[in-house]
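Worksheet: the structure to be examined is printed underneath.
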Amino acid sequence: MKTSSTTAPHHNSGFSLARLFQTSEAVRGYTLLSPTLLALLLGLAMPLAVLFTLSFWIQDYLDFIRTFSLKNYIDFFQKPIYGKILIKSIRMSGLVTLATVLLAYPMAYFIAFRVKNNKLLWLILITVPFWTSYLLRVFAWKIMLGYNGVINSGLKALGFISEPLAFLLYNPTSVVITLAHAWAAFAILPIYVSLEKIDRSLLEAARDLGENAWMTFLRVTLPLSLPGVIAASLLVFIPTVGDYVTPSLVGGPSGIMIGNIIQSMFGKALNWPLGAAISVISMLTVALMISLFLWGTQSFRRRVA
994 MKTSSTTAPH HNSGFSLARL FQTSEAVRGY TLLSPTLLAL LLGLAMPLAV
1044 LFTLSFWIQD YLDFIRTFSL KNYIDFFQKP IYGKILIKSI RMSGLVTLAT
1094 VLLAYPMAYF IAFRVKNNKL LWLILITVPF WTSYLLRVFA WKIMLGYNGV
1144 INSGLKALGF ISEPLAFLLY NPTSVVITLA HAWAAFAILP IYVSLEKIDR
1194 SLLEAARDLG ENAWMTFLRV TLPLSLPGVI AASLLVFIPT VGDYVTPSLV
1244 GGPSGIMIGN IIQSMFGKAL NWPLGAAISV ISMLTVALMI SLFLWGTQSF
1294 RRRVA
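Written out as structure tokens, the structure is:
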């Protein structure tokens, strides 16, 4: 009795990390994810910190003046060309996002509701064009839209035009078309997943209550698929704002975007601090746009609900 009374408190006292690891699912999950989270933190936070710090320095030919200065930010706002190109980039990315979602939604809807078998095969077929290099796909559109490209040659052969259409290439429209195709699969997949999760009994209940197919879509299918639409929009909008490869190849002088300005600052212009400042301003602007977009979609979902 004496021995048990002295050993029992010792057995229950103290904090055991091993016991916590065994009993807590959250702790086990974070422990397993910690290497990946650490790599992401170092790979994302450190470059952003360097970029943010660099934006307050001044370029002195091949060297940096490492004293704190707002000169680069002042230059950005004093030269209207930077703001105009940033606004144009956001507008073009918005058009790309809208075009991509409008094209992706019917395809995702078809696979989710009309294809009964071999859905995986359809999804694989959608991704087949993306097995090739991004540059090859951009060059393919350059061949399609070129002065003597496939579209102009086809229209001339059919007798619809006598001279090639010059407006198909090297303008913002060609950039929007090319980017919409390049990011189509990234929009189709999240929308498809969202549509696939919809309980089919809800659609049947709407029809039993007298709703036609169109109203069922507007009142049931579309609101329930909004998470996929939002995810698709973000997946397309965020990377296309900073794209500089596509505008360089198919955009021409009138189709350049803010990514081209940043690329030139880190390249030929050799003004890394100004390029860093433009990058920071662009990221903050995009973050603000995304916040407004998410706030608007959440408000819309609450009103619909």
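Using this note's numbering, you'd call the opening residue of the sequence shown number 994 and step up by one each time. C-beta atoms are modelled at their ideal positions from N, C-alpha and C, and glycine is treated no differently.
Boundaries of the alpha helix (DSSP H) in which Asp1068 is found, first to last residue:
Lys1064 to Gln1071
Residues near Ser1284 in its chain [Cβ-Cβ closer than 8 Å; skip 5 each side]:
none
Going by DSSP, which residues form a beta bridge with Gln1052?
Phe1057
Inter-residue CB distance, Phe1179 and Leu1118 (contact presumed, cutoff 8 Å)
In fact, because the Cβ distance is near 16 Å, the residues do not count as touching under 8 Å.
Please report the straight-line C-alpha distance between Phe1057 and Asn1065, rounded to a whole angstrom.
When the Cα atoms are used, Phe1057 and Asn1065 turn out to be separated by approximately 13 Å.
Enumerated in chain order, which unbroken segments of the alpha helix (DSSP H) with a length of 4 residues or greater are wholly contained in the region 1077-1136?
1112-1120
Tell me whether Ile1067 is buried or exposed, calling it buried when 16 or more other Cβ atoms sit within 10 Å of its Cβ.
exposed
So Ile1191 is in the alpha helix (DSSP H); what residue range does that whole segment cover?
First-last for Ile1191: undefined, no H or E at that position.
Determine whether the beta carbon atoms of Ile1231 and Ala1097 lie at a separation below 8 Å.
no
Other residues of its chain near Ile1181: CB distance less than 7 Å, five sequence neighbours each side excluded
Ala1097, Met1100, Ala1101 and Ile1119
Would Val1131 and Thr1233 be called neighbours here (beta carbons separated by less than 8 Å)?
no
What is the C-beta distance between Val1243 and Trp1134, in whole angstroms, given that I count them as a contact (C-beta under 8 Å)?
6 Å
In or out: Phe1160 buried (at least 16 other Cβ within 10 Å) or exposed?
exposed
What is the rounded straight-line gap between the Cα of Leu1095 and the Cα of Gln1052?
44 Å
Pull up the distance between the alpha-carbon of Ile1271 and that of Ile1078, whole angstroms please.
11 Å
Determine, using beta carbons only, whether Ile1164 and Gly1235 come nearer to each other than 8 Å.
Just to set this straight, residue 1164 is Asn in the shown sequence, not Ile. Not closer than 8 Å, so no.
Exposed unless 16 or more other CB atoms sit within 10 angstroms - verdict on Pro1040:
exposed
If you draw a straight line from the C-alpha of Val1238 to the C-alpha of Ser1146, how long is it?
26 Å
C-alpha gap between Arg1084 and Ser1257, whole angstroms:
21 Å
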